[in-house]
Amino acid sequence: MVDEEATETLAQRHKREQKELQGKIQALKHGIPKGDKKRKKQVTIEIAQLQAELDQRQQEEIDDEKSTTVNGEGNTSLSEAVEDKLTLQENGEADPPTEDRTSQNGKKTSKAQKRREKKEQEERERQKRLVEGEKESANHVRNLEAAQFDKILKENQLKIREVQPDGDCLYNSVIVQKFGSSTKEALKELRQKTAGFMRTNEDDFLPFTSNTKTGDILSTEEYGKYCDDIENTTTWGGQLEIRSISNVYQQRVEIYQANAPRLVIGEEHVASTPLRLS
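Here our numbering is used: the first residue of the sequence shown is 196, the next is one more, and so on.
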């Protein structure tokens, strides 16, 4: 039998990875400007690529896990024997006896098993080609975006400053602009302030939230958990968090995009020096 403990651990990790990906997908969706169909299409492609890559990797891990299963004592089942016999009859005569391939655990692999493995391998290769095609399409889009974005930077006399692309990237981008560099203490403080402002002004934010499973507006309890996650985890930030940050620092936030007009959040803070994101 397959080691149940190992299988359970693999299943738990896969569930966690899918949950983390859904959080990232939600952040990408929240970052789409309202009415920007072109950006929505690009994000849809990116989401499909991320989901396909994760699904493929997890399926390969499941296949690897299954490959360690002991398939009895090497005896061919009745259905496999019939299938082998039919194959020989179709060829007109039986091939000379050949030694079955022996697996790593010393058990002989039947011809039917070989055929199943071949089909599984062909399916994996087909999935791989699909993913590669999606990657090629996504790379083409990214190259076009990069060229357009370089043009925007030159027109506005701006330069990109890279930050680690993780769940804290929004907050670290703001901190670097405000203070020159980011620290764990500054990151913790900004997350606390962002969550605190959203808790205090729940009525201004709650209507724009959505449950990732149902699409409904979050309940009060769910909204409280949403704010707790902002403060205490590395969950990604989107437009709601950006609006909160704009109010925390009383600064408007300008978001530069390759194929869409500049998005301004916190326009009421007109006298402030803007925070710039991309």
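No residue lacks a Cβ here, since even glycine has one placed at the ideal position from N, Cα and C.
- A check of alpha carbon separations from Lys388 across Asp424, Arg356 and Lys354 identifies Asp424 as the nearest.
- Minimum Cα-Cα distance from Leu382 among the listed residues Ile370, Ile450, His464 and Gln254 corresponds to Ile370.
- DSSP places Glu463 in the coil class of the three-state scheme, outside both helix and strand.
- In the three-state reduction of the DSSP assignment, Leu385 falls in the helix class.
- Taking the Cα of Asp363 as reference, the smallest distance to any Cα among Met393, Glu462, Glu215 and Thr428 is reached at Thr428.
- For Leu223, DSSP records no beta bridge to any residue.
- Between Tyr418 and Leu401 the beta-carbon gap is near 5 Å, inside 8 Å, which marks them as a contact.
- Closest in alpha carbon position to Ile347, among Gln452, Lys236, Arg211 and Val358, is Gln452.
- The beta carbons of Gln372 and Val326 sit no closer together than 8 Å.
- Leu223 places its beta carbon less than 8 Å from that of Val238.
- With respect to Glu462, Arg447 sits close: the two C-beta atoms are nearer than 8 Å.
- About 5 Å separates the CB atoms of Ala455 and Arg234; that is less than 8 Å, so the two are in contact.
- Taken atom to atom, the span from the alpha-carbon of His209 to that of Gln253 is near 7 Å.
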